[in-house]
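So the sequences go chain by chain: D and L. Okay, so the first sequence: first residue is 1 according to the numbering used here, each after it adds one. Okay, so the second sequence: first residue is 367 according to the numbering used here, each after it adds one. Built from N, CA and C at the ideal position, the CB exists for glycine as well.
There are 2 protein chains.
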Amino acid sequence: MAGIVPSRRVRGTPFSAGVEAAGAQAYTVYNRMLLPSYFESYTADYRHLKDHVQVWDVAVERQVSIKGPDALKLMKRMSPRDMNRMAQDQCYYVPICDHKGGMLNDPVALKIAEDHYWLSIADGDLLQWALGLAIGQNMDVEVFEPDVSPLAVQGPKAEDLMVRVFGEDVRNIRFFRYKRMLFMENEFIVARSGWSKQGGFEIYVEGEYNGMPLWQALFAAGTDLNVRAGCPNLIERIEGGLLSYGSDMRRENTPIEAGLAKFCNSPDDYIGRSVIEAQKAHGPNRIICPIAIEGAEDLPHNALGWNVYNKETWVGLISSATWSPDFNINVAIGMIERGHWDAGTVLQVDTGAGMRQAMIKEKFWI
Amino acid sequence: MAGIVPSRRVRGTPFSAGVEAAGAQAYTVYNRMLLPSYFESYTADYRHLKDHVQVWDVAVERQVSIKGPDALKLMKRMSPRDMNRMAQDQCYYVPICDHKGGMLNDPVALKIAEDHYWLSIADGDLLQWALGLAIGQNMDVEVFEPDVSPLAVQGPKAEDLMVRVFGEDVRNIRFFRYKRMLFMENEFIVARSGWSKQGGFEIYVEGEYNGMPLWQALFAAGTDLNVRAGCPNLIERIEGGLLSYGSDMRRENTPIEAGLAKFCNSPDDYIGRSVIEAQKAHGPNRIICPIAIEGAEDLPHNALGWNVYNKETWVGLISSATWSPDFNINVAIGMIERGHWDAGTVLQVDTGAGMRQAMIKEKFWI
Chain D
1 MAGIVPSRRV RGTPFSAGVE AAGAQAYTVY NRMLLPSYFE SYTADYRHLK DHVQVWDVAV
61 ERQVSIKGPD ALKLMKRMSP RDMNRMAQDQ CYYVPICDHK GGMLNDPVAL KIAEDHYWLS
121 IADGDLLQWA LGLAIGQNMD VEVFEPDVSP LAVQGPKAED LMVRVFGEDV RNIRFFRYKR
181 MLFMENEFIV ARSGWSKQGG FEIYVEGEYN GMPLWQALFA AGTDLNVRAG CPNLIERIEG
241 GLLSYGSDMR RENTPIEAGL AKFCNSPDDY IGRSVIEAQK AHGPNRIICP IAIEGAEDLP
301 HNALGWNVYN KETWVGLISS ATWSPDFNIN VAIGMIERGH WDAGTVLQVD TGAGMRQAMI
361 KEKFWI
Chain L
367 MAGIVPSRRV RGTPFSAGVE AAGAQAYTVY NRMLLPSYFE SYTADYRHLK DHVQVWDVAV
427 ERQVSIKGPD ALKLMKRMSP RDMNRMAQDQ CYYVPICDHK GGMLNDPVAL KIAEDHYWLS
487 IADGDLLQWA LGLAIGQNMD VEVFEPDVSP LAVQGPKAED LMVRVFGEDV RNIRFFRYKR
547 MLFMENEFIV ARSGWSKQGG FEIYVEGEYN GMPLWQALFA AGTDLNVRAG CPNLIERIEG
607 GLLSYGSDMR RENTPIEAGL AKFCNSPDDY IGRSVIEAQK AHGPNRIICP IAIEGAEDLP
667 HNALGWNVYN KETWVGLISS ATWSPDFNIN VAIGMIERGH WDAGTVLQVD TGAGMRQAMI
727 KEKFWI
């Protein structure tokens with residue numbers, strides 16, 4: 001594995017001291033920040049995540065703050081999702097597209113106030129898209145990156161741990177809703193959300209200097225819950241069908257192709273609308289599928305994507321794949337062409353280390 | 367040094383096979399691609415770069431292609447630099463700013479045709495800025511990332527090596543100009559440019575599959591010139607005052623603060639104009655300076671930036687610093703506040719491993 005040189009340009013996070021002390025063994029870079037890839041191993045981290053509770057440094061989920069009289073107007077231009085009924089404590093998963101429906105990012109939007117939204121972004125400078133649109137259309141909004149670094153608490157014991165630090169009211173936070181909770185002298189937004197299917201919360205830590213005190217408080221409170229440092233887990237997220245923008249879908253894909261049609265219900269004139277509405281009416285030419293790949297726990301690392309064939313015909317690409325201990329199969333995410341995506345279809349996958357048989361599944365595993 | 371996990375999202379380049387075989391020892395991530403940091407060592411790479419010729423994988427310099435009837439109109443909106451007299455074989459270093467003059471990137475623009483430009487970008491999705499503006503203002507242009515990966519040939523023997531692969535006409539390429547040169551069946555844009563002060567060229571390789579054949583041809587032709595794989599070198603680029611966007615200047619800085627006033631001469635109504643013109647008239651409140659730090663070759667790694675003081679007063683930040691074997695001093699780049707930036711001013715630098723005395727220099731070292 002290649003080593004990475006830290007720099008001012010590729011930075012650590014407010015929680016890096018904790019992450020390093022906890023023994024992160026490998027990283028990726030996400031929004032020009034370090035994001036741990038695993039601590040003990042993908043498999044050991046996965047087991048622990050499903051049984052206990054983990055604290056994740058997801059400061060890489062940078063916020064794009066959109067604030068001002070035209071904030072909702074800009075959100076409506078950018079969002080295929082209906083923004084009209086969004087409540088002030090709500091989080092919306094929002095695919096963001098160009099004029100041809102090509103995905104530019106897939107943030108979680110938080111409504112902070114009537115005239116203020118945060119976009120908690122996937123990897124990519126969505127700030128520049130929002131800023132370009134706002135300036136191009138003379139909108140009265142400020143678009144900037146605030147000093148906010150999310151920390152996630154994930155796993156079946158997440159709620160119990162959170163209650164110990166933030167109080168009983170944590171239990172009343174509904175899924176993809178948030179409350180403002182007090183930690184020491186600071187009020188942070190705490191949402192029931194996170195990039196796992198094990199349940200949990202994301203704390204939007206404002207003020208870099210608040211990072212380590214909160215990290216330490218969570219670990220101090222959770223010893224008997226077996227709390228550990230963790231990170232988004234490759235195995236668990238594929239089982240759960242959680243898509244990674246840049247890996248599983250890109251600008252060349254629409255949200256309909258990414259299986260996100262249900263988030264494209266805006267009645268407003270958003271950018272990309274005509275292409276997206278046409279694909280909703282007629283179906284896309286390819287779509288994200290859950291795929292099981294046969295064979296044992298010996299797949300090579302998939303860093304490039306693997307071509308998928310139906311006999312002689314190229315029918316798509318597998319973007320993410322790994323062995324699942326719980327389902328005893330290689331779980332995968334792939335973009336498959338029309339005519340070949342019915343559940344039960346048997347395909348062949350070129351892994352670069354031999355061909356494997358694979359099958360389209362009805363749904364993801366979790 | 368932390369290890370980095372390769373993925374579809376953080377990709378290799380068309381030259382990665384060559385880079386790995388040549389023994390890159392560490393990487394950074396730049397535009398979601400791997401960029402080598404050094405091969406033998408910073409110092410050994412530096413010595414070789416100044417004496418011989420190196421081939422650099424700078425595929426991370428992604429191109430933003432702006433093509434269509436409104437291409438020049440969009441360029442004029444984005445560029446503080448006068449675009450009116452740019453010739454069709456010319457390369458322009460262009461700081462790109464928001465409406466408050468805050469730098470969003472500092473690409474090299476290439477004029478490909480009257481209605482077609484490439485922006486060879488620094489780290490950051492400038493594509494989303496250009497696309498947002500274009501769509502926001504209903505401009506008739508396509509904004510996309512083409513399959514182009516620059517390869518640099520740098521060092522005093524660069525011209526001799528290039529002639530062997532592309533022919534004698536290489537010698538006629540002027541600084542920051544380009545010619546279309548034939549390699550096998552392909553015509554590539556070859557510019558006299560690159561992120562060193564040792565002279566050399568950048569080849570804009572179109573078609574990923576052309577990467578390794580060109581890499582191999584350069585190495586085969588250059589054995590007696592002592593050609594080696596290299597990369598932008600930390601020491602040489604600080605000596606030469608080559609700024610790194612994201613490290614030395616960011617959105618909170620204007621191009622005037624970054625010492626780039628001479629590139630802000632546009633007569634057109636570009637974004638950020640009023641702030642930039644005011645700073646040109648009255649001077650900025652801080653500016654990039656060359657700084658010499660006293661002491662021996664034992665500075666710690668500067669990954670966060672170092673605060674700079676004038677006695678009790680905070681006066682700026684050193685963003686890049688390293689030992690220079692040729693100048694026998696620690697060379698540094700810092701942003702220094704008004705009133706403290708005169709050459710000869712003695713300052714104190716908090717390196718995190720003790721205070722060091724430092725001095726503002728008249729100019730960079732090369």
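Query	Result
Length at least 3, wholly inside the segment 439-476 of chain L: the beta strand (DSSP E) runs in chain order	457-459, 469-471
Host alpha helix (DSSP H) of Ile-352(L) (start-end)	What is shown of chain L runs 367 to 732, which leaves residue 352(L) out entirely.
Stretch-stretch touch, CB-based, cutoff 8 Å, three pairs: the segment 19-37 of chain D with the segment 52-62 of chain D	yes
Beta-carbon proximity of Ile-702(L) to Ile-732(L), cut-off 8 Å	no
Cα-Cα separation between Asp-331(D) and Ser-244(D), rounded to whole angstroms	A small correction: the amino acid at residue 331(D) is Val; Asp does not occupy that position in the sequence shown. In a straight line, the C-alpha of Val-331(D) is about 15 Å away from that of Ser-244(D).
Proximal chain D residues relative to Val-424(L), where beta-carbon distance stays under 7 Å	None at all; the shortest Cβ gap to chain D is about 15 Å.
Sequence-distant residues of its chain with Cβ nearer than 8 Å to Met-86(D) (five each side left out)	Tyr-92, Ala-109, Lys-111
Rounded straight-line distance, which links the Cα of Ala-587(L) to that of Leu-683(L)	44 Å
Complete runs of the alpha helix (DSSP H) confined to the segment 614-683 of chain L [at least 4 residues]	639-648
Three-state class that DSSP yields for Val-227(D) in the structure shown	coil
Check whether Val-53(D) and Leu-225(D) have beta carbons under 8 Å apart	yes
Residue range of the beta strand (DSSP E) that includes Ile-336(D)	329-337
Option in Leu-234(D), Tyr-209(D), Ala-158(D), Gln-279(D) with minimal Cα separation from Ser-193(D)	Ala-158(D)
Separation of Gly-295(D) from His-301(D), as counted between CA atoms	15 Å
Backbone CA spacing between Thr-620(L) and Trp-495(L) [nearest angstrom]	17 Å
Which residues DSSP lists as bridging Lys-197(D), in chain order	DSSP, once it has assigned bridges, lists no residue as partnering Lys-197(D).
Expected contact under 8 Å - CB spacing of Pro-598(L) and Trp-422(L) to nearest Å	7 Å
Leu-584(L) classed as buried or exposed, judged by whether at least 16 other C-beta atoms fall within 10 angstroms	buried
Val-64(D) at chain C interface by Cβ criterion, 8 Å	Of the chains in the structure shown, none is chain C; the protein chains are D and L.
Segments assigned alpha helix (DSSP H), at least 4 residues, entirely inside the segment 375-452 of chain L	382-387, 408-417, 437-444
Residues that Pro-650(L) contacts on chain D, provided the C-beta gap is smaller than 9 Å	Residues of chain D passing the Cβ test: none, with the nearest at roughly 20 Å.
Supposed close pair Phe-629(L), Val-460(L) - CB separation, criterion 8 Å	7 Å
Test item: CB-CB of Ser-266(D) and Ser-320(D) under 8 Å	no
One or two residues paired with Gly-132(D) in a DSSP bridge	In DSSP, Gly-132(D) forms no bridge with anything.
Cβ pair Tyr-636(L), Met-444(L) closer than 8 Å	yes
Reduced DSSP category for Pro-325(D) - H, G, I as helix; E, B as strand; rest coil	coil
Residues of its chain near Val-346(D), where Cβ-Cβ distance is below 7 Å and the 5 sequence neighbours each way are ignored	Gln-357, Met-359
Under the three-state DSSP convention, the category Phe-176(D) falls into	coil
Any C-beta of chain D under 8 Å from that of Ile-601(L)	no
Cα-Cα separation between Glu-623(L) and Gly-467(L), rounded to whole angstroms	10 Å
Simplified DSSP assignment, three categories, for Gly-211(D)	helix
Helix, strand or coil at Ile-487(L) [DSSP, three-state]	coil
Identity of the residue in Ile-659(L), Gly-710(L), Phe-381(L), Ile-699(L) nearest Met-721(L) by Cα	Ile-659(L)
Ala-709(L) to Glu-643(L) span [Cα, whole Å]	25 Å
First and last residue of the uninterrupted beta strand (DSSP E) at Glu-553(L)	552-557
7 Å Cβ shell around Leu-242(D) - same chain, five flanking residues per side excluded	Trp-195
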